[in-house]
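Residue numbers (this note's numbering), protein chains in the order written: chain A, 64 to 495; chain B, 1093 to 1266. To keep things clear, I will list the structure first and then write my remarks on it.
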Amino acid sequence: MTETREMKMKVPVLARVEGEGALELDVDGGRVTGVRLRIFEPPRFFEKLLEGRSYHEVPDIVARICGICPVAYQMSAVHALESIFGTDPGPWVREMRRLLYCGEWLESQSLHIHLLAAPDFLGFPNAVAMAGQYRDEVRRGMELQALGNEIIRLLGGRSVHPVGVCVGGFYHAPGVADVSRLRSRLHDALPMAEELVQWTASLALPHSAQAFTSVSLRHPGEYPLNEGAVAGSDGLHLPIDAYEELFAESHVAHSTALYSHYRGRPYLVGPLARLNLNLDRLPPQVRGNLERTGVPFPSHNMYHSIVARAVEIHYALVEAMRILDNYRLPEATRAEVRPRAGVGFGCTEAPRGMLWQRWETDAAGNIVSARIVPPTSQNQARIEEDLRQHLEAVGVDAPEEVLRQRCETVVRNYDPCISCATHFLKLKVNRA
Amino acid sequence: MPEAGERRVGTRVVGLGSPFGDDGAGWRVVERLCAGGLPEDVEAVACADPARDLLPLLAGTREVVLVDALLGGGVPGTLRRCTRDDLARDPGRISSHGHDLAALLDLAEVLGRLPERLSIFGIAADGDGPAGGGLTPRVAAAADRLADRLRHAMAQRATAAPAETDWMPLEDHA
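As structure tokens, then:
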């Protein structure tokens, strides 16, 4: 008979992620027999409270789901609703939506690299301690992040929970002078983004190789933001309205967040998955800069996520400049919307990964039902699988403090956004 | 409500907060300051997400005045002038969503981004007050009182040598 010795550590673990959760490991004879990322963040019932609301309220409500990626929630929603109503917002809106998304990528990916992830690889407990020795690098990150805020403010009116987006387009077109000012700031920042990619590649990133399926959107001609089909590294190519045929969400007892599986298996969404599947969609200057790092992509090393994030910062900057270069004031900032009953789908690439939504409206354009599948819920099963493989590879006999640090680093590769509140994560190791 | 903080100014008042309950106290101070008009080299801006917006707001100015709601700051509606050491500190709590004001100010200091002068004013919130909707009445009154005092002090400065004039001692009770 084995005696289970249970050790509890009540420490602020995973402080640099979002949400309230705990990690529970079962260890038996040096083997990890169970990994449970327990999320007990209370559910927020956004999908339920959207029912009965008019379509035009949706962009402002879904923006509240997340303080750091409101644009993603807005974009998937407006695409879905426009597909129901048969609305074609036209090329100006399409470009401005890409621009807005570039702002969110710049901001979110910069913040994650500099304030959350980099301290792990440079041996600091947090960003403040790291900034003492890496002042220029952190400043560079903050500047890139601020540019993202500026882009969002240009189109969204403000950087937090932007209000410029509506079904059909935008409420407002930025002035030519504002556009030109921002364009020159982006241009000046280009060397910073190139250096950032090189810097992330020079970090002492652990070697690791795991088998996983990368899933992201793929578009015929662009690095994916707002449009494309659901693609997988196993050859998957699925229209977004068929997503539910192969992807399923389920409840597990230890978490309030839903788990997603693809053909019954965990899968990866996010920057690494996107880059793995869309290398050939990068503009030559972005791809060339990446190739100079020597980091091989596609990669099955989850620690290369930080490099992928930096590449996406570079891409977002280049893409935003392209759009601003061609900027013209439009005749109309939004297409006329004629509501009708139906079901529609939206799937766009949030900074943390694919964000799929399904919406149903009645004839007046009121919401009958909404389903929102955020990237973190899609990555949850993959995070648990990663932790299990990682701990088996490095061994579980290490002191708990060391185990905790390793688990944190693994989880942070996914930049999970469990909720919009940061609390504590407790590690519980059950050793048989 | 202004948010950007783009232009160079002598003094920037930054109200931290959200639309939820007494957490909106800092925003109310900004609203009142803006509604009453401000001297040319002063701006007042609202900040909802310090983790990403505070550092840029500390730049381009000699002086920053931070205003935030305080929990554990005494009777709701009490105004307090705080130092950085008064703020609870947990550097691990900087995240893309949550924020820890003390840790962000530490980061700004390490990066050489603190303005020459930094003042922090807290307005004691009612922790049991309404989570949604507006401010509890005495917290709203305190925010208005603080805005008026800041405005008064700024007017006095206009006639005095700036370096000589500090903000008034601010410890009062609702």
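We put the CB at the ideal spot given by N, CA and C, even for glycine. Predicted model only: the values in this text are computed from it and were never measured.
Helix, strand or coil at residue i according to DSSP, with G and I counted as helix
i, result
"B/F1213", "strand"
"B/G1204", "coil"
"A/N364", "coil"
"B/L1179", "coil"
"B/S1188", "With a pLDDT of 46 at B/S1188, under the threshold of 50, the modelled position of this residue cannot be trusted; read the value that follows with caution. It is coil, neither helix nor strand."
"B/C1126", "helix"
"B/L1162", "strand"
"A/T263", "helix"
"A/F233", "strand"
"A/L331", "strand"
"A/E312", "strand"
"A/W168", "helix"
"A/G357", "coil"
"A/Y306", "helix"
"A/E18", "Here chain A covers residues 64 to 495 and nothing more, so residue 18 of chain A does not appear."
"A/G238", "coil"
"A/R397", "strand"
"A/D123", "helix"
"B/T1170", "coil"
"A/G195", "helix"
Buried/exposed call for residue i, threshold 16 Cβ in 10 Å
i, result
"A/T263", "buried"
"B/T1175", "exposed"
"A/P462", "exposed"
"A/P254", "exposed"
"B/L1163", "exposed"
"B/G1204", "exposed"
"B/T1170", "buried"
"A/Q196", "exposed"
"B/I1186", "At B/I1186 the pLDDT is 49, less than 50, meaning the model places this residue with poor confidence; the figure from the coordinates comes in the next sentence. Under this definition B/I1186 is a buried residue."
"A/N389", "exposed"
"A/G238", "exposed"
"A/H224", "buried"
"B/H1189", "Bear in mind that a pLDDT of 45 at B/H1189, under 50, signals an unreliable position, so the number given afterwards is only what the model happens to contain. Flag for B/H1189 reads buried."
"A/G92", "exposed"
"A/P122", "buried"
"A/P437", "buried"
"B/V1157", "buried"
"A/R281", "buried"
"A/D243", "According to the sequence shown, residue 243 of chain A is Ser rather than Asp. Flag for A/S243 reads exposed."
"A/F148", "buried"
Nearest candidate by alpha-carbon position, reference residue i, set the options
i, options, result
"B/A1161", "B/A1127, B/L1227, B/R1100, B/Q1248", "B/L1227"
"A/P329", "A/N442, A/A140, A/E455, A/A181", "A/N442"
"B/G1278", "B/T1251, B/E1208, B/D1178, B/Q1248", "Lying outside 1093 to 1266, the shown extent of chain B, residue 1278 of chain B is not represented and no answer is given."
"A/E318", "A/L100, A/R203, A/A126, A/S171", "Per the sequence presented here, residue 318 of chain A reads as Ser, with Glu not at that position. The option with the nearest alpha carbon to A/S318 is A/L100."
"A/R403", "A/H177, A/H119, A/D199, A/G93", "A/H119"
"A/E170", "A/R116, A/Y378, A/R401", "A/Y378"
"A/A256", "A/F233, A/V293, A/Q208", "A/Q208"
"A/G327", "A/T276, A/G298, A/P334, A/V260", "A/T276"
"A/I376", "A/T396, A/V349, A/R397, A/R385", "A/V349"
"A/A292", "A/F408, A/L113, A/F109, A/L163", "A/F408"
"A/E412", "A/H453, A/E382, A/I435, A/P287", "A/P287"
"B/L1149", "B/G1214, B/P1111, B/R1104", "B/R1104"
"A/Y325", "A/G298, A/L179, A/E464", "A/G298"
"A/A427", "A/A311, A/H453, A/V400", "A/V400"
"A/M193", "B/L1242, B/L1125, B/E1201, B/A1234", "B/E1201"
"B/G1118", "B/G1128, B/V1106, B/A1127", "B/V1106"
"A/T396", "A/F310, A/V230, A/R467, A/R385", "A/V230"
"A/A85", "A/D460, A/E447, A/G405, A/F187", "A/E447"
"A/E423", "A/L144, A/P393, A/T96", "A/L144"
"A/E114", "A/R467, A/D449, A/I430, A/E87", "A/I430"
"A/S432", "A/A140, A/V134, A/P133, A/A126", "A/A140"
Beta-bridge partners of residue i, as assigned by DSSP
i, result
"A/S117", "A/N429"
"A/V30", "Because residue 30 of chain A is not part of the residues shown, which for chain A are 64 to 495, the question remains open."
"A/R203", "In the DSSP output, where bridge partners are listed per residue, A/R203 has none listed."
"A/Q420", "A/G409, A/I435"
"B/A1136", "B/V1105"
"B/D1267", "Because chain B is modelled from 1093 through 1266, residue 1267 of chain B falls outside the range shown and cannot be assessed."
"A/H324", "A/A311"
To be precise: take each residue of the segment 172-205 of chain A, compare its Cβ to all Cβ atoms of chain B, and keep it if any distance is under 8 angstroms. Which residues remain? L174, H175, L178, L179, P188, N189, A190, V191, A192, A194, G195, R198, V201, R202, M205
Output needed in chain order: residues of the segment 122-137 of chain A with a Cβ under 7 angstroms from some Cβ in chain B. G130, I131
Which residues, in chain order, does the segment 1139-1150 of chain B contribute to contact with chain A at a C-beta distance below 9 angstroms? C1139, A1140, D1141, A1143, R1144, D1145, L1147, P1148
If contact means a Cβ-Cβ distance below 9 angstroms, which residues of the segment 1112-1126 of chain B contact chain A? none
Using Cβ-Cβ distances below 9 angstroms, what residues of the segment 140-171 of chain A are close to chain B? E170, S171
For the segment 208-234 of chain A, which residues have a beta carbon sitting closer than 8 angstroms to at least one beta carbon of chain B? Listed in chain order, the positions of the segment 208-234 of chain A with a beta carbon within less than 8 angstroms of a beta carbon of chain B are Q208, A209, N212, R216, R221, S222, V223, H224.
If the cut-off is 8 angstroms on Cβ atoms, which residues from the segment 1222-1249 of chain B count as contacting chain A, listed in chain order? none
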